[in-house]
Amino acid sequence: MDNCYLSSDVDFLREILDNSTETVNMEMDDPSWFPGTSIGNGNGIIEPLEICSQTWENGRLVLLDCGAHELNGVYHWCQLSGDLPESLISLTELETFILDYNNFSGIVPEHVCTMNFDFSDYSSFSLNGNEFCPPYPECIEPYMGWQNSQDCELSECYDVGVRDFISFEYNGDNVLNTYEDFSGEPYLGFHIYNDGPDCFQYPGVRVTSDTPGVSFYGYGDDQEVFETWWYGMFSQQEEGFVLGFDVSPYVPEGTVITFTAESTTLHCEDSCLGSDDPYCHECPPTDPISISVTVGESFTNSVGDSNLDGEVNVLDVVETVGYIVFNESHYYYDLTFLMSDINTDNLVNVQDVVMMVSIILEI
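Position one of the sequence shown corresponds to residue 1039 (my numbering), numbered consecutively onward.
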């Protein structure tokens, strides 16, 4: 069986090779390409059994590593491209599948989820550094790594959005007043999330106000737009953010102020298809979210509202106790942490639970 290979496995390799005729690295025909595993014969023609590093057992392909490798201190790349063949599903014995840093593009077949890969182990499965287009199969979405999606209909940041938009006040009566009232500090809070694959196109958020006279801290009295960005967000990552704001004394009591938060990426455009700008990013298509607060009336939330539902009650006690018990790491910009830290000592513990119960009993 050493020299016998199942034809369907070989056909898959041939499809990859046929899709890559204009890009393939001819060095793979050299016997030294992958020492010990390459069968390159140097005849000037790359054949299916010569591409990448392959391991066969009982006539079946069990390992295919098409990532970069180092030879004599120099990195070499396979330079494979095109669509990933649908016949991947026929490789039922394949356990290691590495396609790092090639030029594969198109859609990853959904049936990859039925195969025998440990998707969380980058040493046995990786599609990082290609041009695959989202959306990706759910089983591999958190593990797609970086993809060049410039020529795709959607970018990898397609599921970055904003949720849990709240307003609240520190150290005051929890009523929105103008900045001449020094009894409290008004804030907006929200979570920016990435429910899609890794996004490294500088995901961020834009917050706007519809009312002249509202300004965000550090941005001047006439600035009604706030923007910030992160370098990147991993799949399933969520980041909390709080933003202070001021209301001018010229804004009359009873004025309804609407704030809107929307996800963005740095220098994003509605469409980048056909663009000559190599840095053009598609704007995330997730919907913006808005809240309204009335000058002279209560904020939408208050400190102690751990579950962010607009009320402080026994459900918040349960939320906070669960947070203390099950969260090993607490960080300030987690909104649950922020709203549970009633005594503002940068800790969430039993003291905050006691204070929360006192708030509930006083309501």
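From the three backbone atoms N, C-alpha and C, an ideal C-beta is built for every residue, glycine too.
In the three-state DSSP reduction, G1282 falls in the strand class (E or B). Residue burial annotation: M1064 is exposed, with fewer than 16 other C-beta atoms found within 10 angstroms of its C-beta. Here the stretch 1278 to 1287 does not lie against the stretch 1301 to 1310, with fewer than 3 beta-carbon pairs under 8 Å apart. Note that the C-beta distance between S1193 and E1320 is below 7 Å.
Excluding its 5 nearest sequence neighbours in each direction, E1291 has C-beta neighbours in its own chain below 7 Å: V1333 and G1334, listed in chain order.
DSSP places I1083 outside any beta strand (DSSP E), giving it a letter other than H or E. In this structure, I1136 sits near D1103, with a CB-CB distance shorter than 7 Å. For V1392, the uninterrupted alpha helix (DSSP H) run begins and ends at V1388 to E1400, by DSSP.
In this structure, DSSP gives C1190 a state outside helix and strand, which the three-state scheme calls coil. In the three-state scheme derived from DSSP, where H, G and I count as helix and E and B as strand, F1364 is classed as helix. Note that the C-beta distance between N1166 and E1133 is not below 7 Å. Boundaries for F1050: no beta strand (DSSP E) harbours it, while the alpha helix (DSSP H) harbouring it runs S1045 to N1057, taken from the DSSP string.
Looking from the CA of D1219, the closest CA among Y1288, E1262 and F1238 belongs to Y1288. The C-alpha of Y1361 is placed about 16 Å away from the C-alpha of T1382. Residue range R1098 to D1103 is occupied by the beta strand (DSSP E) that includes L1102.
The Cβ-Cβ distance between P1235 and S1273 falls below 7 Å. Nearest neighbour of R1244 by Cα position, chosen from P1123, D1379 and H1229, turns out to be H1229. If you check the CB distance, I1397 and V1350 come in under 7 Å.
Beyond the five residues adjoining it in sequence on each side, I1089 comes within less than 8 Å, by CB distance, of L1051, I1054, L1055, V1062, M1066, C1104, C1116 and L1118 in the same chain, given in chain order. Within the same chain, and ignoring the five residues on either side of W1267 in sequence, the residues whose Cβ sits closer than 6 Å to its Cβ are Y1240, G1242 and L1304.
For S1158, there is no enclosing alpha helix (DSSP H), since its DSSP letter is neither H nor E. Counting along the chain, no beta strand (DSSP E) covers L1376; the unbroken alpha helix (DSSP H) around it starts and ends at L1373 to S1378.
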